[in-house]
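Colleague:
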Amino acid sequence: MQEQPAASGRETLFDSEEMVLNMGPQHPSTHGVLRVILRLDGETVVDLDCDVGYLHRGVEKIAESDTYAMITPYWDRLDYVAAVSNDLCYVGGVEKLLQIEVPKRAEYLRVVLTELQRIASHLLWLGTHALDIGAVTVLLYAFREREEILKIFEDFIGARLTAHAFRIGGLWWDVYPEFETRVRDFLKILPGRIEEYETLLNANRIWLQRTVGIGVLPAEEAINLSLTGPGLRGSGVKYDVRKAQPYSAYPDFDFEIPIGENGDTYDRYLCRMEEIKQAALIVEQALDGLPEGPVMAKVPKVIKPPVGEVYHSIEAPKGEIGVYLVSDGTSKPYRMRIRPPSYINLQSLKRMSIGHLVADVVALIGTLDIVLGEVDR
Amino acid sequence: MQGILATLMFVAPDWVRNTVTHERPPNVFWADYVVWPVLQILIVLFIVLTLVAYLVYLERKVSAFMQARLGPMRVGPWGLLQPAADGLKLLLKEDIIPLKADRVVFALAPIISVVSALVVLAVIPWGAAWATIANINIGLLFILAVSSVGVLGLVLAGWASNSKYSLLGALRSSAQMVSYEIGLGLSIIGALMFARTLSMSGIVEAQQADHIWYVFFQPLGFLVYVISALGETNRAPFDLPEAESELVAGYHTEYSGFRWALFFMAEYSAMIVTAAIAVTLFLGGWMLPGVTGTSFFGWFGPIQNPTLHTIASVVVFGLKIMLLIYAYMWFRWTWPRYRYDQLMELGWKWMIPAGLANIVLTGIWYVLAMPPSRGGVFNLMREVGGRLVPTGKGALYFFVTGTAITVPLVWLLLANINRRSRDFNLHDQRQLQINLRRERLEKALQPQAADNGAQ
Amino acid sequence: MSAVRTPAAKRTVGQLIKRLLLLDLFKGLALTFKYNARALYEPRDGGNPNQAIYTEQYPLEAARVSERFRGAPRLNLDPDTGTTLCIACDLCALACPVDCIEVGSIRREVRDGEKVNKKKVLTTFIFDTSRCMFCNLCAEACPTDCLELTQSFELAVYHRSGFRWDREMLEKGINYVRYAK
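Residue numbers (our numbering), protein chains in the order written: chain A, 1 to 377; chain B, 378 to 832; chain C, 833 to 1013.
1) Pull the bridge partners of PHE995 (chain C) from the DSSP assignment, please.
2) Skipping 5 residues on each side, what residues in its chain have a beta carbon closer than 8 angstroms to that of ASP587 (chain B)?
3) For LEU700 (chain B), collect the residues of the same chain with a Cβ closer than 8 angstroms to its Cβ; drop the 5 residues on either side in sequence, then sort them by chain order.
4) What residues from chain A crowd round ASP718 (chain B), counting only those whose CB sits closer than 9 angstroms?
5) So which residues of chain C does MET70 (chain A) contact, with C-beta pairs closer than 8 angstroms?
6) By the 10 Å Cβ neighbour count, where 16 or more other Cβ atoms means buried, how is TRP207 (chain A) classified, buried or exposed?
7) Tell me the DSSP secondary structure of PHE166 (chain A) in three-state form.
8) Under 8 angstroms Cβ-Cβ, which residues of chain C neighbour GLU196 (chain A)?
9) With LYS951 (chain C) as the anchor, note down where its beta strand (DSSP E) starts and where it stops.
10) Are there three or more Cβ pairs, one per stretch, closer than 8 angstroms when the stretch 209-224 of chain A is compared with the stretch 707-725 of chain B?
11) Hey, ILE510 (chain B) and ALA499 (chain B) are a contact pair by Cβ (cut 8 angstroms); roughly how many whole angstroms apart?
12) Using 10 angstroms around the beta-carbon of ARG401 (chain B), count the other beta-carbons present and answer buried if the total reaches 16, otherwise exposed.
13) Going along chain A in order, which residues have a C-beta closer than 7 angstroms to the C-beta of GLY860 (chain C)?
14) Among B:GLU631, B:ALA568, B:TRP712, B:GLY608, which has the Cα closest to the Cα of THR657 (chain B)?
15) Per DSSP, what kind of secondary structure is GLU609 (chain B) in: helix, strand or coil?
16) Pick from A:GLN245, A:THR44, A:PRO340: whose alpha carbon is nearest that of LEU21 (chain A)?
17) Tell me the DSSP secondary structure of ASP47 (chain A) in three-state form.
18) So is GLU946 (chain C) buried or exposed if we call it buried at 16+ other beta carbons inside 10 Å?
19) Please tell me whether TYR873 (chain C) has its Cβ less than 8 angstroms away from any Cβ of chain B.
20) Name the one or two DSSP bridge partners that TYR324 (chain A) has.
21) At a Cβ cut of 8 angstroms, what residues of the stretch 152-164 of chain A count as close to chain C, listed as they run along the chain?
22) So, does the CB of ILE811 (chain B) fall closer than 8 angstroms to a CB anywhere in chain A?
23) Indicate whether ARG265 (chain A) and GLY215 (chain A) have their beta-carbon atoms separated by less than 8 angstroms.
24) Going along chain C in order, which residues have a C-beta closer than 9 angstroms to the C-beta of PHE694 (chain B)?
25) For VAL452 (chain B), which residues in the same chain have their Cβ closer than 8 angstroms to its Cβ, ignoring the five residues on either side in sequence?
26) Rounded to whole angstroms, what is the Cα-Cα separation between ASN908 (chain C) and LEU892 (chain C)?
27) Report the three-state DSSP secondary structure of ASP41 (chain A) (helix, strand or coil).
28) Determine the chain A residues that contact MET443 (chain B) at a beta-carbon separation under 7 angstroms, and present them in chain order.
29) Going by CA-CA distance only, name the one from C:SER993, C:ALA971, C:THR864, C:LEU854 that's closest to ARG709 (chain B).
30) Quick one: Cα of LYS1004 (chain C) to Cα of PHE153 (chain A), how far?
31) Using a Cβ-Cβ cut-off of 8 angstroms, state whether THR687 (chain B) counts as contacting chain C.
32) Using DSSP with H/G/I as helix, E/B as strand and the rest coil, what is PRO460 (chain B)?
33) Verify whether the separation of the beta carbon atoms of GLY667 (chain B) and PRO679 (chain B) is less than 8 angstroms.
34) Check whether the Cβ atoms of GLY34 (chain A) and PRO25 (chain A) lie closer than 8 angstroms to each other.
35) Which of the three DSSP states, helix, strand or coil, is assigned to PRO905 (chain C)?
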C-alpha cells in the first residue's frame, strides 16, 4: 500500500488522527472468512479495503483436470447457500457448448428447484441480515421455512445443502410421488410466514432507522461498479437476466421484477422480499404446467464437446453468475472461468460505506449478500 | 434444626428477639441489629443469586419458545439443572489474565461491579412490614447512588484488559449507562411528587394510602423509566456495546471463568434492581388489591394475619418483578438494536427532555389540584397526615392529565424540537470533512498515476 | 416492473397516532408473544412447520432421512447368492471427482461350459469417506446396482484411519451407538 498523505489542514472542526481497524477473518458478522480493513476517524469510516482469498480452493484450476461431469459437484460449493442455481448455470453452459436440447419436463423441474432455491437463499439472507442488525428471532423463523425447502430437496435430490441437483442433459431422477403435494403445501404456508417477517421488520421504527438511508447507491454508480442482482435492482435499474436474456423455461412464465427507488438498504430488503413472493408465483405456474416426458436427454457417456467457447449466465439469488468455458475437443475443459457475483458486488462495499459509521458496515455487508465461497472460489 | 430455621424465617422478629434475649434483657441490640438483619441478608442474597442463575435459564427458555425451538432440555428434566452446569463450568474454567494487564485492577473490577449491584438489594421493599432489610428514609437516592458506582467497575475492566478495543468498548458502555441514568433519575421525580418521600417502603405505603398505582398518574414517567432502565442495563434494543456483531469488543472480552460470571451476575442483578424500582414506584410495590395492602375495591379485604400478609406481599412483589423481567426479555428477542449514535440521541434528545417536561407538567397539575389553603385552584386533594391525598375526582383528574395531555404534548414538543435541531447538529461538518479528504486523496493520486502511466 | 414502496413521508393524523402509540413495535411484540403462548399449550411434534416448536430432539427422536439421501456408501450383495454384485469394472473410480475409490481386482479363469473366460474378480475395494463429497457420481456410474449411497449419515470415527473403508466395512455398514428413548 502506498503512503497516503496525512489529513493536513484545519478545514473542519473534526480533523484528528485516523485509526486502522481490522475486521478480521474470524468474525461473527462477516458471513464467512472476509477480512475488512477499515480506516476510521472516530467512528466514521473514511476508507475501506477488503482482503479476500481465505476460502480460495482453486476450483477453476481443478476444472482443468476433471471431466465435464465431474466438475458439476464443485459448482455447488461456490455459493453454498444457493447450490442448485449454481448447477443450473454450469450445466446450461455445457449444454450450450454441446448444443443439446433438454427435455421440457426437465426444464420445468429445473425452474421449480431453482426458484425454490432462490426462496431458500433469500430466507437465509433475511435471517443473517436481521441477525446482524439485532433482530435475532427473524433468523430462527427464516430457517424454519428454509428447512422445509431443504427437506423437499432432500427427498428429491438426495442432499440438502450441496445438492448435486442437475446433470448435463437434464435431471437424474424424476419427481417422487408426493413432490407436488409437498411443494404446494409449502407454498400455502409461505405467504403467512412472509407476513410474519414483515410484521417484525417492515414498519419497525428501529429497523427503519438502521436501514433507511444507509448505503445509498445511485443507479449510475451501481452500473459502473458492475453490481448485479437485487443490489442493482434496489438502485432502480431494471436488469434481470431472466428477462434480459431468458434461459431455460423462463419465457413460459409470467412474473414481475421488483425495482427499488432510493438504492438504500431498505429498498434492497424490500426487493428481496418481493422476489421471494415472485419466486413462489413462478413455482406455482411451473407446477401447474408441468409437461410429461423424459427428464434426461440423450447425452454421450463421455462428453467431448466440439472446439469452441461459450459464456452462459443466469440470475442466481446473489446476482448474475456466469460460466465461460473454453473447450479444446477433449473430455476436459481447457479453461473454465466463473463470473462470481459476490466478488464483483463486493466492490461496491467501499463506495457504500464511506461516510457511515462502523456499525453500519456490518449491515452493508449483509445487504450485499455475499457468500465467501463465491468470492474466493 | 429445620424447624427452628423455618420458624425463624416465617415468624416476626419479636420471637427472635425474645429467643436471643430471654436471659439477658438489655441485649436487644444483638437481636434487632445483628442476628435478624444478617438472617435477612443471607436469605435475600441466597434467593437473589439463585434467581440470577435461573434468570439466565428463563431467558434461554423464553427466547427459545419465541423462536420456535426448545431451549435447554438435556441437563435435568426440562433443562432445569442447566444453571448448575453453567456455574460449575465457569468455576472450573482456567483463569486467564492478559500478559501486560494490571493484575490488581483486573481482579478488582468485577468485584466492584457485583458488589455495587448487590448492596442495593438491602433497601428494596420486598414485602410489607419486616421484609425490607434496611428501611432508610432516603432509599431511592441510595439506590441511584450506589448503582452508579457499578460504572466504575466497567471502566476499570476495560482499562485493565490492556486492549485498545476493550477500552473503547468499556468507554462506550459506560457513556451509555451514565447517559441513561440521568433519564432514569428524572423520570422518577414525577412519582415522587405524589409519594412525598424517598423511602422505598414509604413510597409503597403512599400508593396504599392513595389507593392507586402511580403508573396511572405517570404514564410518561413509566415509559421514560422503562426505556432508561433498558439503556442503563445495556439490554436490547440498546445492547450494541455488547452485541456480537459489533466490531469493538465489549469490556468483558478478556475475562473468563468466574470473573466473567461476576460481571454477568452484576448485569442480571442490575436488571432485577431496576425492575424492583419500577414495581415499587409505579406498579404498587407489594400491593395487590384484595390480597395485600388494600381491599379489592371494597369487596374483599387484604389478608389479615400479619405473617401471612407479609409472605403474600413478598410473593406478589416477586411476581411483579418477574413480569417486568419477562418484558425485558420479550423486548430483547423481538426488536432489532439501535446504532450507538442513535442510542445516545434517544437518551439525550428524547429521554432527558421528556423526563424534565414530565416534572414540569406534573408539577403544574399538582399545584393546580391543591386545596386553596395551600395555593391551589381545583381543590382535588385533601390533607392526610402531612401528605396530600387525591380524592376520587382528583385521581380521575390526574389520570386524564397524565395520559391524554402530558404524553401527546411532550411528544409533539420534542418531535418538533428534534426535527428542527437537525440543522444545528454537526452531521454536515462531518460529511464535509469526508468529502474534502476524498478530494485531497484523489488529487494526490492523480500526478502519481500520470507518472506510472508515463513509465 | 413493479416498484417497491418505501414508507411515505406523509404525515396523516392516523399515522401520527400510530407512531405515538408505538404500534409498529407492539405488533412485533404480539407476534412473539403468540409464539411463546403456543409453545406452552400445543402438543410437541418436531419437524412440523405448523407447530409452534419446530425442534426435533435428535438423538432422542430418530432423525428423518429421505429415501434418496446420499450418505454412507455400501457395496450391495446379490440377495440370492450372497456374493458381491461388483464386477470390478473400475467405472466408479474413474467417475469420482476426488479420487477416493480404489478398486483392486484379479483375473480368474472361469469355466463357462466349453469356453474358458478370464473374468475380473473383485479383491479389494477401498473407499475413503474423508475425501468423498457424496455427489453420487460413483453410484450413477455403476452398471450393476452394486455401489449405492445409503441413508446412514453418522460417520464419525475416533481416528483418521477409520475413514478408509475396506470391502468388508462397505458390505456390512458402519456400527454406531444408538441413542433411543
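Glycine is no exception: its CB is placed at the ideal position from the N, C-alpha and C atoms.
Modeller: To lay it out plainly:
1) Its beta-bridge partners do not exist; DSSP assigns none.
2) Counting only Cβ-Cβ distances below 8 angstroms, and skipping sequence neighbours, we find PHE571, VAL766, PRO767, ALA772.
3) none
4) GLU43, LEU357, ALA359
5) ALA927, CYS928, PRO929, LEU969
6) buried
7) strand
8) LEU863
9) In this chain, the beta strand (DSSP E) harbouring LYS951 (chain C) covers 947-960.
10) yes
11) Contact holds; Cβ gap of about 4 angstroms.
12) Bear in mind that a pLDDT of 49 at ARG401 (chain B), under 50, signals an unreliable position, so the number given afterwards is only what the model happens to contain. Flag for ARG401 (chain B) reads exposed.
13) Within chain A, the residues near GLY860 (chain C) are THR199, LEU200, ASN204.
14) B:ALA568
15) helix
16) A:THR44
17) strand
18) exposed
19) Chain B, which has no Cβ nearer than 8 angstroms to the Cβ of TYR873 (chain C), makes this no.
20) A:TYR311, A:ARG337
21) GLU154, ASP155, PHE156, ILE157, GLY158, ALA159, THR162, HIS164
22) yes
23) Going by the sequence as given, residue 265 (chain A) is Thr instead of Arg. With contacts defined by Cβ atoms closer than 8 angstroms, THR265 (chain A) and GLY215 (chain A) form a contacting pair.
24) Simply none; closest approach about 23 angstroms.
25) LEU458, GLN459, ALA461, ALA462
26) Distance between ASN908 (chain C) and LEU892 (chain C), taken at the CA atoms: about 30 angstroms.
27) strand
28) THR137
29) C:THR864
30) 28 angstroms
31) No, THR687 (chain B) lies away from the interface with chain C (no Cβ there is under 8 angstroms from its Cβ).
32) helix
33) yes
34) In the sequence under discussion, the amino acid at residue 34 (chain A) is Leu, which differs from the Gly named in the question. Yes. Within cutoff.
35) strand
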